[in-house]
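Residue numbers (the numbering used here), protein chains in the order written: chain A, 111 to 206; chain B, 932 to 1029. Note that beta-carbon positions come from the ideal geometry of N, C-alpha and C, so glycine has one too. Following: one structure in structure tokens, then a few remarks.
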Amino acid sequence: MYLAKVIGNIEARIRLPGFDAQKLLLLQPIDFNQQPIRWVVIALDCTNSAGIGSIVTFVEGREAANPSDLPVDACITAIVDSWDYKPTNGIESPGR
Amino acid sequence: MWTGIVQGTVTSTIKHPSLTKGTMLIVQPIHPLTSKPDGLAQIVVDTLGAGLHQRVLVSGDGLGTQRLLNAGKDCPVRLSIAAILDEFSIQTRNGGAV
């Protein structure tokens, strides 16, 4: 799982039936210093609570489809309240 | 599976029910031989009680994680901590040279 900021949503008129109930959101993955990493991801919101500006965690891969049984490969798993990041001396995430 | 170092925690109130059975840790992947950073830090579910700056073994088995958390088939979690490497040894030939 990575952190991400919700930066938008996507609506489609023609969609698979299951997509009626849950929203698709546009995520910008961020590192633990809030800097953008990777490229934008589109994810299903399994919490039904995220909105633009929320910081969330998301999972990718087969497990992302587990809650919904829809053909998705990314889903939001939690709305983040806060995090505590203390990088070890000399060992920090390489960023982008 | 890969090795990493615990560098923090993430707290959340609104989350998928399966995530209530473990804590979410920030884990920086590191090379098992050189201990250099090896990829982006990720969030991993922990049930063993790993502490800050401890070295851990992370598994990417989603089904195993689902069983570990006693969660149903709807569990959207992949990464979990399989071991805390406070005392461990790695044997290689030629220092791991290919």
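Decide if residue i is buried, meaning its Cβ has at least 16 other Cβ atoms within 10 Å, or exposed.
{"i": "L956 of chain B", "result": "buried"}
{"i": "M932 of chain B", "result": "exposed"}
{"i": "F168 of chain A", "result": "buried"}
{"i": "H947 of chain B", "result": "buried"}
{"i": "F1080 of chain B", "result": "This structure does not reach residue 1080 of chain B, given that chain B is present from 932 up to 1029, and the question cannot be answered."}
{"i": "T996 of chain B", "result": "buried"}
{"i": "N237 of chain A", "result": "There is no way to answer for residue 237 of chain A, as the model of chain A reaches only from 111 to 206."}
{"i": "V150 of chain A", "result": "exposed"}
I need the DSSP call for residue i, collapsed to helix, strand or coil.
{"i": "S949 of chain B", "result": "helix"}
{"i": "D130 of chain A", "result": "helix"}
{"i": "Q138 of chain A", "result": "strand"}
{"i": "R986 of chain B", "result": "strand"}
{"i": "E121 of chain A", "result": "coil"}
{"i": "A160 of chain A", "result": "coil"}
{"i": "E1018 of chain B", "result": "coil"}
{"i": "T187 of chain A", "result": "strand"}
{"i": "A175 of chain A", "result": "helix"}
{"i": "T965 of chain B", "result": "coil"}
Give a single yes or no on whether residue i has its beta carbon closer than 7 Å to a heavy atom of the ligand PLP.
{"i": "V1029 of chain B", "result": "Among the components of this structure there are no ligands whatsoever, and the ligand PLP is therefore not found."}
At a Cβ threshold of 8 Å, is residue i touching chain A?
{"i": "Q938 of chain B", "result": "yes"}
{"i": "L1016 of chain B", "result": "no"}
{"i": "R998 of chain B", "result": "no"}
{"i": "T1074 of chain B", "result": "Any question about residue 1074 of chain B goes unanswered here, given that chain B covers just 932 to 1029."}
{"i": "G993 of chain B", "result": "yes"}
{"i": "R1024 of chain B", "result": "no"}
{"i": "S1011 of chain B", "result": "no"}
{"i": "L971 of chain B", "result": "yes"}
For residue i and residue j, I'd like the C-alpha separation in whole angstroms.
{"i": "A131 of chain A", "j": "A1028 of chain B", "result": "52 Å"}
{"i": "L979 of chain B", "j": "V937 of chain B", "result": "13 Å"}
{"i": "P139 of chain A", "j": "R1024 of chain B", "result": "39 Å"}
{"i": "V989 of chain B", "j": "I147 of chain A", "result": "21 Å"}
{"i": "F142 of chain A", "j": "M111 of chain A", "result": "12 Å"}
{"i": "P197 of chain A", "j": "V182 of chain A", "result": "33 Å"}
{"i": "S1011 of chain B", "j": "L983 of chain B", "result": "16 Å"}
{"i": "A972 of chain B", "j": "L964 of chain B", "result": "18 Å"}
{"i": "C1006 of chain B", "j": "S949 of chain B", "result": "6 Å"}
{"i": "I189 of chain A", "j": "G171 of chain A", "result": "19 Å"}
{"i": "T934 of chain B", "j": "K115 of chain A", "result": "27 Å"}
For residue i, list the residues DSSP reports as bridge partners.
{"i": "M932 of chain B", "result": "Answer is none; M932 of chain B lacks a bridge partner."}
{"i": "P146 of chain A", "result": "A:I140"}
{"i": "G939 of chain B", "result": "A:Y195 and B:I957"}
{"i": "Q973 of chain B", "result": "B:V958"}
If we cut at 8 Å on Cβ distances, does residue i have a partner in chain B?
{"i": "A174 of chain A", "result": "yes"}
{"i": "G128 of chain A", "result": "no"}
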